[in-house]
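One structure is given below, encoded as structure tokens.
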Amino acid sequence: MISPKAKLFILLHTHRLKTNQGFTMVEVVVGILLVLIFTMIAMQAMVMATAIRVRSQEVTEASRWIQKDLENLGTTANRLNYDSVNETYPSSSTLADHAARCIATTSSAGYAQLLQSSSSVGADTDLEKLSEIGTGGTP
């Protein structure tokens, strides 16, 4: 036979189990808020990663354009006809005469003018796209 004390304990214990089934409204709201906060943080990280990736692609494309122009410039410089420059200077020219051909500030006669007139560097560059670099895609 079960003692009255044991019956009371069983009765209270079963009553407590019935009242503790499920979550309260406050617990549900707090859980939803925590999930929302973690989701917002994750979304912000994804947005920043996308922005950094786009900027990186723009810088890579600009570097590729610069590299292409430098290669074109080197190729053009190797193909120059230096005889037209040498015609303006006698064969008995001095070192100062040769140095004058390489002064970048005076390109009227010399290697700089020859390269500039025969160069097509940057001719195939899309200037609209170039102006967009660094502005996030908005001209």
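As numbered in our numbering, residues 177 to 315 make up the sequence shown, in order.
Note that beta-carbon positions come from the ideal geometry of N, C-alpha and C, so glycine has one too.
For a test of the three-state rule: what should DSSP assign to residue i, helix, strand or coil?
{"i": "I186", "result": "helix"}
{"i": "R255", "result": "coil"}
{"i": "T200", "result": "coil"}
{"i": "S179", "result": "coil"}
{"i": "P315", "result": "Caution applies to P315, whose pLDDT of 47 falls short of 50 and renders its modelled position unreliable; the value that the coordinates give is listed next. Three-state result, P315: coil."}
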